[in-house]
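Using the working numbering, the first residue of the sequence shown is number 127, and each one after it goes up by one. For every residue, glycine included, the Cβ atom is placed at its ideal position computed from N, Cα and C. All remarks here apply to the structure that follows.
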Amino acid sequence: MPHRATQERIFERVDGKLKVTYADVNGVGLPYGGLPRIIMAWVAAEVMLKKSKHIDIHRSLAQFLKVLSMTSTGGEKGSIKRVKKQFISLFSCSIGHHFKDDDKETIETLSLTRRQQYWWTPLIETSSGYNGSFIELSDEFYNHILESSAPVDMRALHLLKNSPMAMDIYIWLTYKMSHLKRRVDISWVSLKAQFGTGYASDKKGLNRFQEAFKKYLATIKAIYPDVNVELKYGFVRLHPSPTHVPAKTSSCG
């Protein structure tokens, strides 16, 4: 997802032979920053815990913000308006996966939800019952979470929430370590294509990206000390490592 607000309606990143595209299909804006990343991890954790496509967002936004360890504030720049915008943007966009190599080409489009409903003011119980704020996940997205989620620690995401790139690197590392069996080398150029939104495409941009990656990795290692990553000239080397938290006791994202 974009690190910062953008007027673009299409956002693309590349991971090797895979291109991932976020598309603003409803004209509500693309999700950006740390908040939708935390929301996505929270939704994945709810699915893994409750095994349901129906995600309840509680009876008041203040309660939901407490779940996300955020203070409920109103106004133009308050948390209530920011959460509302990011929820709608995140679960209104579609995600495309385009895989291409010499032998085959595969294109998939994923809709995250079948339906969304939000109440952003206090509700009064009526004779028809309570039908508050919720997300109804699409079958494809629900199954993807069940089959592909990796254990992450929500506390780590909260600590990193002011740096979307650091959050992405943390999630990527713990996902990699959930299935990595042997060491793997990934070029700086490939990493920049995956994580380096906002950095120029020239050598100077690559150098700035490397500096940022090294800084964020140091922060991540302070939180996730067991991750075994070596920074080399021209590439980053990943060694098999424990996931940050055991799968049975972790939140998933």
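Let me check understanding here. Comparing Cα to Cα, which of the options lies closest to residue i?
i      : options                           : result
Pro162 : Lys176, Ser205 and Ala338         : Ser205
Gln189 : Lys203, Ser259 and Ser264         : Ser259
Met293 : Tyr158, Ile214 and Glu231         : Tyr158
Ile312 : Thr323, Gly324, Tyr325 and Trp298 : Trp298
Asn288 : Gly160, Lys211 and Asp352         : Gly160
Leu283 : Gly153, Pro128, Ala131 and Leu194 : Leu194
Phe361 : Val315, Phe321 and Ala276         : Val315
Lys230 : Leu144, Trp168 and Asn333         : Leu144
Leu380 : Ser198, Leu236 and Phe267         : Given that the chain is displayed from residue 127 to residue 379, the structure contains no residue 380 and the question cannot be resolved.
Arg241 : Phe217, Ala344, Met174 and Thr300 : Phe217
His270 : Asp141, Gly153, Arg139 and Val169 : Val169
Met303 : Val355, Leu332, Thr147 and Asp328 : Val355
Against chain D, does residue i count as a neighbour if the rule is that its beta carbon must be under 8 Å from one of theirs?
i      : result
His180 : Protein chain content of the structure displayed is limited to a single chain, and chain D is not contained in it.
Let's test the definition: count the other Cβ atoms within 10 Å of the Cβ of residue i and tell me whether it reaches 16, buried, or not, exposed.
i      : result
Ile136 : exposed
Leu272 : exposed
Tyr359 : exposed
Ala171 : buried
His180 : exposed
Ile295 : buried
Asp150 : buried
Pro290 : buried
Gly155 : buried
Leu317 : buried
Met173 : According to the sequence displayed, residue 173 carries Val and not Met. Buried is the call here.
If you follow the beta strand (DSSP E) that residue i is in, where does it begin and where does it stop?
i      : result
Val362 : Phe361 to His365
Asp311 : Val310 to Ser313
Asn354 : Asn354 to Lys358
Tyr148 : Leu144 to Ala149
Just checking my contact of residue i with residue j at CB under 8 Å: how many whole Å lie between their CB atoms?
i      : j      : result
Phe225 : Ile165 : No, Phe225 and Ile165 are not in contact; Cβ-Cβ is about 26 Å, not under 8 Å.
His370 : Val278 : 7 Å
Ile349 : Leu285 : 6 Å
Could you please give the first and the last residue of the uninterrupted alpha helix (DSSP H) stretch that includes residue i?
i      : result
Tyr342 : Lys329 to Ile349
Glu273 : Asp265 to Ser274
Phe294 : It should be noted that the sequence gives Asp, not Phe, for residue 294. That run of the alpha helix (DSSP H) goes Pro290 to Met303.
Note to self: Ignoring anything shorter than 3 residues, give me the beta strand (DSSP E) runs that lie fully in the segment 172–245, in order along the chain.
What the structure shows: Those beta strand (DSSP E) runs which fall completely within the segment 172–245 and span 3+ residues are 180–182, 220–226, 231–237 and 239–243.
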